[in-house]
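Residue numbers (our numbering): 4 to 416.
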């Protein structure tokens, strides 16, 4: 597949379309990236308070922790189709509007059902951004997206880390308690909505903005071994990430640590992903193979969960650091979506395949953890199963370690 002819390139700007300046594009990417995770990561440190405040059952709490994966999968699958109808940039803007409304609404309701619906709305908006932003970057960047994907991947983990760190302190400091800890992120998300609305107005009517998700050769991505392996890698690492978002603070609290300390440890874990986001796009672009990294990710997963199993309250920061380093797999998987595709249309299809399917796989993890925890009343079986996921993640990662392009596999199928 060749790049579509409607993609002029400008060296030095990082932007391929004349209608969007480099500064505005960078600002938009940074702001949306830091707003696509707080809705998920801010809940774990105050989950006990939310359950008490809403009289939420343990089973419903398990469903809440599974919602990020479920919504990212279900709504993400609709993202490319929406982009064809309203445009890629407008689709991202609509997603951000849903984030704002959903996060504010769930912080103001006293109904469990409405809390779940508002959470799903916010996560659905994040799902649109998850899928469409990498493809938007691929279409607009002159360097294949390395620079903007570096900011994007780092921003995702930064937003998750800050939200996790501030949740418990904000809850303790505010008379509104957990409602303030969750609702503040809806207000913050307005800052991301503004530049994307401006860009959407500039690109309104641009045929390329609507055409980016359409392929002239529609071939099932299930026929691409690289796409399937990348989906497995993404799904397994996302499962671990959302298990950690939803349950790691509770594991620490059950070991005797305070809610605030558990939140700080969760923040430490996610903050390390910022480093991964800064370096992994460049590592991918310059490395002949990522095999050593994939093996390291698996070993770190196994070691981190083993530490939580054997001595969660002893050197708890060490287990958080080890799991945080294993989280380099997240920016790696995100960056590989653009690195393993050439044509922006294929990037959009690949993003719309890898992330929804991967997040559906990921959703099984937090929900299953809640069920196993309720049945066994401890974390032993949960942590053993999570250790096993490190092996599967490495196997999937080895398949996408070399420079191979999904475009080529689709052409041959």
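Cβ atoms here follow ideal geometry from the backbone N, Cα and C, with glycine treated the same way.
Whose C-alpha, out of the options, is nearest the C-alpha of residue i?
i	options	result
residue 409	128, 346, 397, 360	346
residue 329	407, 364, 276, 152	276
residue 45	85, 266, 197, 335	266
residue 400	292, 364, 327, 370	292
residue 38	373, 146, 127	127
residue 373	106, 64, 260, 350	64
residue 300	269, 203, 393	393
residue 283	412, 149, 326	149
residue 102	125, 91, 120	125
residue 308	91, 391, 166	391
residue 339	169, 326, 353	353
residue 165	90, 273, 310, 314	273
residue 414	402, 388, 270, 227	227
residue 252	245, 269, 244	269
residue 388	199, 398, 357, 312	312
residue 25	123, 119, 107, 146	146
residue 154	289, 207, 29	29
residue 160	306, 327, 246, 296	327
residue 51	223, 297, 262	262
residue 357	223, 111, 395, 314	223
residue 169	296, 264, 206, 178	264
residue 237	69, 395, 27, 59	395
residue 27	349, 195, 314	195
residue 183	107, 287, 402, 310	107
What's the call for residue i, buried or exposed, on a 16-neighbour Cβ count within 10 Å?
i	result
residue 143	buried
residue 320	exposed
residue 220	Note that residue 220 has pLDDT 47, beneath the 50 cutoff, so the model's placement of it is unreliable and the number below is only indicative. Exposed.
residue 259	exposed
residue 158	buried
residue 71	buried
residue 379	exposed
residue 204	exposed
residue 304	buried
residue 86	buried
residue 325	buried
residue 88	exposed
residue 20	Low confidence applies to residue 20: its pLDDT is 46, below 50, so where it sits in the model is not reliable, and the reading given next is rough at best. Per the 10 Å Cβ criterion, buried.
residue 233	buried
residue 318	exposed
residue 343	buried
residue 397	buried
residue 225	exposed
residue 174	buried
residue 176	exposed
residue 351	buried
residue 289	exposed
residue 69	buried
residue 190	exposed
Are the CB atoms of residue i and residue j nearer to each other than 8 Å?
i	j	result
residue 53	residue 188	no
residue 382	residue 254	yes
residue 43	residue 331	no
residue 57	residue 113	yes
residue 32	residue 136	yes
residue 192	residue 81	no
residue 152	residue 341	yes
residue 242	residue 367	yes
residue 369	residue 250	yes
residue 167	residue 48	yes
residue 78	residue 116	no
residue 386	residue 375	no
residue 74	residue 138	no
residue 316	residue 271	no
residue 156	residue 337	yes
residue 407	residue 229	yes
Pull up the CB-CB distance for residue i and residue j, whole angstroms please, since I reckon it's below 8 Å.
i	j	result
residue 132	residue 202	Between residue 202 and residue 132 the Cβ distance is about 13 Å, and since that is not below 8 Å, they are no contact.
residue 294	residue 404	4 Å
residue 105	residue 362	About 17 Å; that fails the 8 Å criterion.
residue 109	residue 185	6 Å
residue 162	residue 334	About 13 Å separates the two Cβ atoms, so there is no contact after all.
residue 377	residue 61	5 Å
residue 197	residue 134	Actually they are not in contact, since the Cβ atoms of residue 197 and residue 134 sit about 21 Å apart, beyond 8 Å.
residue 245	residue 365	5 Å
Shorter than 8 Å from the beta carbon of residue i to some beta carbon of chain B?
i	result
residue 207	The structure shown contains no chain B; it holds only a single protein chain.
Hey, which unbroken runs of the beta strand (DSSP E) at 3 residues or more fall wholly within the region 99-127?
You should have found no qualifying run.
Could I get the ranges of all uninterrupted alpha helix (DSSP H) runs contained in the region 40-86, with 4 residues as the minimum, in chain order?
Look at the region 40-86 and you find these whole runs of alpha helix (DSSP H), each 4 residues long or longer: 41-44, 50-57, 61-79.
For a minimum of 4 consecutive residues, which ranges assigned as the alpha helix (DSSP H) are wholly contained in the region 128-215?
Runs of the alpha helix (DSSP H) inside the region 128-215: 149-176, 181-191, 193-206, 210-214.
At what residue ranges does the region 275-336 contain a whole run of the alpha helix (DSSP H), taking only runs of 4 or more?
Listed in chain order, the complete alpha helix (DSSP H) runs (minimum 4 residues) inside the region 275-336 are 294-313, 319-329.
Which runs of the alpha helix (DSSP H), 4 residues or longer, sit entirely within the region 343-393?
For the region 343-393, whole alpha helix (DSSP H) runs of length 4 or above, ordered along the chain, are 347-379.
Please list the segments of the alpha helix (DSSP H) lying wholly inside the region 221-278, counting only runs of 4 or more residues, in order along the chain.
Within the region 221-278, the complete alpha helix (DSSP H) runs of at least 4 residues are 228-257.
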